[in-house]
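There are 2 protein chains.
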Amino acid sequence: MATSALPRSPTQLRALIRQGRWARPTAGLAPGHVQANLVVLPKEQAFDFLLFCQRNPKPCPLLEVMEPGNPEAIHLAPGSDIRTDLPRYRIYRHGSMVAEVEDIREEWRTDLVSFLLGCSFSFETALIAAGIPLRHIEQRKNVAMYITTIPTSAAGQFSGPMVVSMRPIPQDKVVRAVQVTSRFPGVHGAPVHIGDPEAIGIRDLSRPDYGDPVEVKPGESPVFWACGVTPQAVAAMSKPPLMITHAPGHMFVTDMRDEDLAVL
Amino acid sequence: MATSALPRSPTQLRALIRQGRWARPTAGLAPGHVQANLVVLPKEQAFDFLLFCQRNPKPCPLLEVMEPGNPEAIHLAPGSDIRTDLPRYRIYRHGSMVAEVEDIREEWRTDLVSFLLGCSFSFETALIAAGIPLRHIEQRKNVAMYITTIPTSAAGQFSGPMVVSMRPIPQDKVVRAVQVTSRFPGVHGAPVHIGDPEAIGIRDLSRPDYGDPVEVKPGESPVFWACGVTPQAVAAMSKPPLMITHAPGHMFVTDMRDEDLAVL
Chain D
1 MATSALPRSP TQLRALIRQG RWARPTAGLA PGHVQANLVV LPKEQAFDFL
51 LFCQRNPKPC PLLEVMEPGN PEAIHLAPGS DIRTDLPRYR IYRHGSMVAE
101 VEDIREEWRT DLVSFLLGCS FSFETALIAA GIPLRHIEQR KNVAMYITTI
151 PTSAAGQFSG PMVVSMRPIP QDKVVRAVQV TSRFPGVHGA PVHIGDPEAI
201 GIRDLSRPDY GDPVEVKPGE SPVFWACGVT PQAVAAMSKP PLMITHAPGH
251 MFVTDMRDED LAVL
Chain P
265 MATSALPRSP TQLRALIRQG RWARPTAGLA PGHVQANLVV LPKEQAFDFL
315 LFCQRNPKPC PLLEVMEPGN PEAIHLAPGS DIRTDLPRYR IYRHGSMVAE
365 VEDIREEWRT DLVSFLLGCS FSFETALIAA GIPLRHIEQR KNVAMYITTI
415 PTSAAGQFSG PMVVSMRPIP QDKVVRAVQV TSRFPGVHGA PVHIGDPEAI
465 GIRDLSRPDY GDPVEVKPGE SPVFWACGVT PQAVAAMSKP PLMITHAPGH
515 MFVTDMRDED LAVL
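As you go down the protein sequences, you meet chains D and P in turn. For the first sequence, this note's numbering assigns the number 1 to the initial residue and increments by one for each residue that follows. For the second sequence, this note's numbering assigns the number 265 to the initial residue and increments by one for each residue that follows.
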């Protein structure tokens, strides 16, 4: 199915995914609606992970946390089923990925708590609307992501460095990029760093830890935002007996509008 | 001891309180620093309460959640001891207040989780700095608070109506009051309602459910903000075996500056 033939309504899109008719990335689908990262953990680990997110709102902006065992995102997507409504999932046991699957009904348990976290798609839409070009989107690449020396605030068993995404921004648009993304703390918010990569422990911009490298041209500054890969990386490091996440780029499409996330 | 003789540093002020030399309200003390509401619950109830706060950030703005059994607010007030550093506490068992005490060392257990929540003192400082008069402060009264028909989002055993505080604002300053408080989502943020009290279930402004009534004069609008009494009221309704809170007005004074809370 071509992207252009897909329904624009989040409800209809989730229904299609539930039927197994779309197992590809969700970038650009249901435009104007918030897409979310997924982390599923047993209740045993959920308090500490919720605390970790609360202490680190920039990399871990919580949009919804679901009751143990409840597969419906009652606030962001009434009628949804988190076990079937994402195109693709990754299953981790004791920190190692053991499978990539199209639904998680067989894994579901009454003690599983689902965390939905903001993703950068929403603020990228706002940047583009403000006339700020984004090279990785123009070049149809994944955004470049780096492990930094910026510490997160630990919570129980969860700790580790912050992962950031980098976007080259024309120098005369850097201030505007700060302003635009500051409106969206629910999807990572303002940058965590502007300029010199080494100041946050990044040795070589051309060798990202995740995603694809993009060139920073003369007259541009690298601008770094906290990245939603952080909570997944941190959770994996603590080696919980079971963790389920979305597969990269295969997000949960919610009914919430991007603009509903704006603080001002 | 007169208020004017008290140290202006939060660390020194907490030391004085710890020594039992100040057991009175904290309004106006350590000016420019954030004061916090306290709710202490056993770990058994802590996940659901953390979830409740995450779902209701306007009435329940979390500033810090402490590890089970840890009495030190390591982020907001390094070196502090939550068991001794507030002037006065209330102890609830199964939803009923059983004691008001000056320290809680005898009640402390390794499974107790302390929640520090934003309080309106910080945004009131910002309103006054913006030239917006606040009648209850001028008249040295407690702010008027009302139980509304605005529902909160339930989490596990926690649910109940939102409690709001009301401040009469001159009509030509209402927009500015919205702008100023929008900068401070960590301490309740923008108003939840402006004008007609009946629209949110308040029958009679002259009879608040908590605090003292203040007059709304001609040319003023009543403006309503989500209130930190909400989480205490909701927690008490669920009748946990043990809950400890600050006594009204006797807050935890942190090292954080009010301006550190501003989003823009």
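Positions of the beta carbon are idealized from the N, C-alpha and C atoms, including for glycine.
Among the options, the one whose alpha carbon lies nearest that of residue i
{"i": "residue 283/P", "options": "313/P, 386/P, 307/P, 345/P", "result": "345/P"}
{"i": "residue 272/P", "options": "384/P, 370/P, 517/P, 396/P", "result": "517/P"}
{"i": "residue 223/D", "options": "190/D, 42/D, 72/D", "result": "190/D"}
{"i": "residue 396/P", "options": "443/P, 356/P, 376/P", "result": "443/P"}
{"i": "residue 96/D", "options": "243/D, 214/D, 258/D", "result": "243/D"}
{"i": "residue 38/D", "options": "3/D, 247/D, 263/D", "result": "247/D"}
{"i": "residue 276/P", "options": "350/P, 448/P, 401/P, 311/P", "result": "350/P"}
{"i": "residue 88/D", "options": "245/D, 196/D, 258/D", "result": "245/D"}
{"i": "residue 398/P", "options": "527/P, 484/P, 448/P", "result": "484/P"}
{"i": "residue 208/D", "options": "91/D, 197/D, 127/D", "result": "197/D"}
{"i": "residue 240/D", "options": "2/D, 4/D, 45/D, 14/D", "result": "45/D"}
{"i": "residue 129/D", "options": "263/D, 259/D, 264/D", "result": "259/D"}
{"i": "residue 339/P", "options": "153/D, 5/D, 194/D", "result": "153/D"}
{"i": "residue 372/P", "options": "347/P, 424/P, 403/P, 266/P", "result": "347/P"}
{"i": "residue 420/P", "options": "69/D, 36/D, 40/D, 35/D", "result": "69/D"}
{"i": "residue 304/P", "options": "354/P, 436/P, 270/P, 481/P", "result": "354/P"}
{"i": "residue 435/P", "options": "270/P, 466/P, 476/P, 482/P", "result": "482/P"}
{"i": "residue 264/D", "options": "181/D, 202/D, 167/D, 251/D", "result": "181/D"}
{"i": "residue 212/D", "options": "173/D, 194/D, 140/D, 99/D", "result": "140/D"}
{"i": "residue 465/P", "options": "437/P, 474/P, 415/P", "result": "415/P"}
{"i": "residue 515/P", "options": "362/P, 437/P, 299/P, 431/P", "result": "299/P"}
{"i": "residue 459/P", "options": "474/P, 470/P, 480/P", "result": "480/P"}
Residues of its chain near residue i, where Cβ-Cβ distance is below 7 Å and the 5 sequence neighbours each way are ignored
{"i": "residue 324/P", "result": "316, 317, 381, 494, 495"}
{"i": "residue 226/D", "result": "58, 59, 162, 164, 188, 192"}
{"i": "residue 158/D", "result": "48, 49, 52, 234, 235, 238"}
{"i": "residue 448/P", "result": "386, 387, 390, 525, 526"}
{"i": "residue 55/D", "result": "153, 155"}
{"i": "residue 433/P", "result": "396, 441, 484, 485, 487"}
{"i": "residue 111/D", "result": "42, 43, 68, 69"}
{"i": "residue 160/D", "result": "152, 233, 234, 237"}
Beta-carbon proximity list for residue i, same chain, < 8 Å, skipping 5 on both sides
{"i": "residue 513/P", "result": "289, 290, 291, 406"}
{"i": "residue 384/P", "result": "407, 429, 451, 452, 489, 491, 492"}
{"i": "residue 274/P", "result": "294, 297, 341, 517, 518, 519"}
{"i": "residue 336/P", "result": "330, 342, 343, 344, 345, 346"}
{"i": "residue 467/P", "result": "461"}
{"i": "residue 267/P", "result": "292, 293"}
{"i": "residue 463/P", "result": "457"}
Under the three-state DSSP convention, the category residue i falls into
{"i": "residue 114/D", "result": "strand"}
{"i": "residue 198/D", "result": "helix"}
{"i": "residue 77/D", "result": "coil"}
{"i": "residue 388/P", "result": "helix"}
{"i": "residue 306/P", "result": "strand"}
{"i": "residue 82/D", "result": "coil"}
{"i": "residue 413/P", "result": "strand"}
{"i": "residue 336/P", "result": "coil"}
{"i": "residue 366/P", "result": "coil"}
{"i": "residue 438/P", "result": "helix"}
{"i": "residue 398/P", "result": "coil"}
{"i": "residue 64/D", "result": "strand"}
Paired residues, beta bridge with residue i - DSSP
{"i": "residue 299/P", "result": "517/P"}
{"i": "residue 430/P", "result": "408/P, 488/P"}
{"i": "residue 96/D", "result": "93/D"}
{"i": "residue 507/P", "result": "356/P"}
{"i": "residue 155/D", "result": "158/D"}
{"i": "residue 193/D", "result": "224/D"}
Proximal residues to residue i (C-beta, below 6 Å), its chain only, five neighbours per side dropped
{"i": "residue 16/D", "result": "22"}
{"i": "residue 136/D", "result": "143, 214"}
{"i": "residue 439/P", "result": "none"}
### Query
Would you call the region 409 to 422 of chain P and the region 367 to 380 of chain P touching, i.e. three or more CB-CB distances under 8 Å?
no
### Task
Spell out a yes or no on whether the region 326 to 343 of chain P and the region 372 to 380 of chain P are touching, meaning 3 or more CB-CB pairs, one atom from each, closer than 8 Å.
yes
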